[in-house]
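Count the sequence shown with my numbering and you get residues 2 to 336, in order. Glycine is no exception: its CB is placed at the ideal position from the N, C-alpha and C atoms. Nothing here was measured: the structure is a model prediction, and the numbers come from that model.
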Amino acid sequence: MEKIALADRLSQIKPSPTVAITSKAKAMKAEGIDIVGFGAGEPDFDTPDFVKQAAIDALKAGETKYTDAPGLPILRDALTAYYKKTEHLDYERAETIISNGGKHSLYNIFQALLSEGDEVIIPTPYWVSYPDQVMLAGGKPVYLTTKEQDGFLFTADALQKLVTQRTRAIIVNTPSNPSGAVYDKKTLEGICEVAVENKILVVWDEIYKDIYYGEGCLRSLPFYNPDVKPYTLICGGLSKNFSMTGWRIGWVLGDDRIVKAMSMIQGQSTSNPVTFAQFGAIAALEKGPVHIGEWLRQFEARRDKLIEAFDEIDGMSCVKPMGSFYVFPNISGWY
Numbered sequence: 002m003e004k005i006a007l008a009d010r011l012s013q014i015k016p017s018p019t020v021a022i023t024s025k026a027k028a029m030k031a032e033g034i035d036i037v038g039f040g041a042g043e044p045d046f047d048t049p050d051f052v053k054q055a056a057i058d059a060l061k062a063g064e065t066k067y068t069d070a071p072g073l074p075i076l077r078d079a080l081t082a083y084y085k086k087t088e089h090l091d092y093e094r095a096e097t098i099i100s101n102g103g104k105h106s107l108y109n110i111f112q113a114l115l116s117e118g119d120e121v122i123i124p125t126p127y128w129v130s131y132p133d134q135v136m137l138a139g140g141k142p143v144y145l146t147t148k149e150q151d152g153f154l155f156t157a158d159a160l161q162k163l164v165t166q167r168t169r170a171i172i173v174n175t176p177s178n179p180s181g182a183v184y185d186k187k188t189l190e191g192i193c194e195v196a197v198e199n200k201i202l203v204v205w206d207e208i209y210k211d212i213y214y215g216e217g218c219l220r221s222l223p224f225y226n227p228d229v230k231p232y233t234l235i236c237g238g239l240s241k242n243f244s245m246t247g248w249r250i251g252w253v254l255g256d257d258r259i260v261k262a263m264s265m266i267q268g269q270s271t272s273n274p275v276t277f278a279q280f281g282a283i284a285a286l287e288k289g290p291v292h293i294g295e296w297l298r299q300f301e302a303r304r305d306k307l308i309e310a311f312d313e314i315d316g317m318s319c320v321k322p323m324g325s326f327y328v329f330p331n332i333s334g335w336y
């Protein structure tokens, strides 16, 4: 039989390495092989009981039907209340959308924003799916190279040099996957300055915001410059801070026209997020990540143990990550 042709756009992308590694590790474990999987980024803690109970109660109450494509109104209202309480940011319900996880949020953003040849600036090192999602939407990834000796940070000047007439957005992921870098105030203020001056969007991926080992807490980008709020799409979710990776609940807060476009795309593709999972999300937002302190203590102890071990290996170095639950060792000394 003659091979059926696939869409040309698929030639530009590749399978997700994290998904492939995770699947391989699970298959090897099923064969009885003792192996540690370093693929998917998910906590090894369980989802908090009160979140699970809220979903169970919703199931028992018959909350198993379709909801509005952008999510339950009561969940979207809980989301705006959460950001009002924690970030002092005001958003209307129409400026929110609940998606099937953070990855889905990003996919919808690029599908809504990008035309053929539009550019998206991606600082390196980056999460593996950013470039492929941009290319699937017809866009062009433009890489902003950062260096280990600079803590994987960059300057406003370096960012500005990559801005062209085709630039639509820059992706900012802090704390970072995979480096664990946390952008400092100077870097964030520079991002705000470039975004406002050039009227480009900041795709602000804060999925790891609560996984931070420094003093105080991390804030969403508009905290550093209120003028950047109209140009910011805040992407968040419950996968990391509530260990709900399999629940597939993410969100975006931002410009209502973009949110409306994302809702249209979602309505013609996946429809709504899982209904009973949305009720679990309501419970999570209303109570907040009260468990996160203990999780951070355990993550930090693991981080320190790994860094200490790396330092004892000739030819290997590793910048101590200040956020997320990753380490990003440099093995260039071996080559």
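Using CA atoms only, rank isn't needed, just tell me which of Cys236, Gln299, Ser244 is closest to Tyr108.
Cys236
Would you call the CB atoms of Thr147 and Phe153 closer than 7 Å?
yes
If we ignore side chains and look at the alpha-carbon of each, how far apart do Gln150 and Asn273 end up?
Looking at the two C-alpha atoms, the distance is approximately 44 Å.
Classification of Ser12 by the beta-carbon crowding that lies within 10 angstroms, buried from 16 upward:
exposed
Report yes or no: do the stretch 95-104 and the stretch 248-263 share at least 3 C-beta pairs separated by less than 8 Å?
yes
Contacting residues, own chain, Cβ-Cβ under 7 Å from Asp91 (five flanking each side not counted)
Lys85
Straight-line Cα distance separating Thr19 from Asn199:
34 Å
Excluding the 5 residues flanking Ser180 on each side, which residues of the same chain have their C-beta closer than 6 Å to its C-beta?
Pro126, Phe153, Phe329
How many angstroms separate the CA atom of Glu3 from the CA atom of Asp35?
42 Å
Would you say the stretch 240-249 touches the stretch 111-127, given that touching needs at least three Cβ pairs under 8 Å?
The answer is no - the stretch 111-127 does not touch the stretch 240-249, with fewer than three Cβ pairs under 8 Å.
Determine the closest residue to Arg10 out of Val129, Gly139, Gly38, with distance taken between C-alpha atoms.
Gly139
Below 8 Å CB to CB, which residues in the same chain sit around Val197 once its five sequence neighbours on both sides are set aside?
Asn226, Asp228, Val229, Tyr232
Got a sec, what are the start and stop residues for the beta strand (DSSP E) Glu120 sits in?
120-124
Would you identify the three-state DSSP class for Cys319, choosing helix, strand or coil?
coil
Quick check on the DSSP output: the alpha helix (DSSP H) that includes Thr48 runs from which residue to which?
Unbroken run through Thr48: none, as it is neither H nor E.
From which residue to which residue does the alpha helix (DSSP H) around Thr233 run?
Where Thr233 is concerned, there is no enclosing alpha helix (DSSP H), although the beta strand (DSSP E) it sits in stretches over 233-238.
Considering only DSSP beta bridges, list what Tyr144 is partnered with.
For Tyr144, which the question treats as bridged, DSSP gives the partners Ile123.
Burial state of Ile212 (16 or more Cβ within 10 Å):
Around the C-beta of Ile212, 16 or more other C-beta atoms lie within 10 Å, and the residue is accordingly described as buried.
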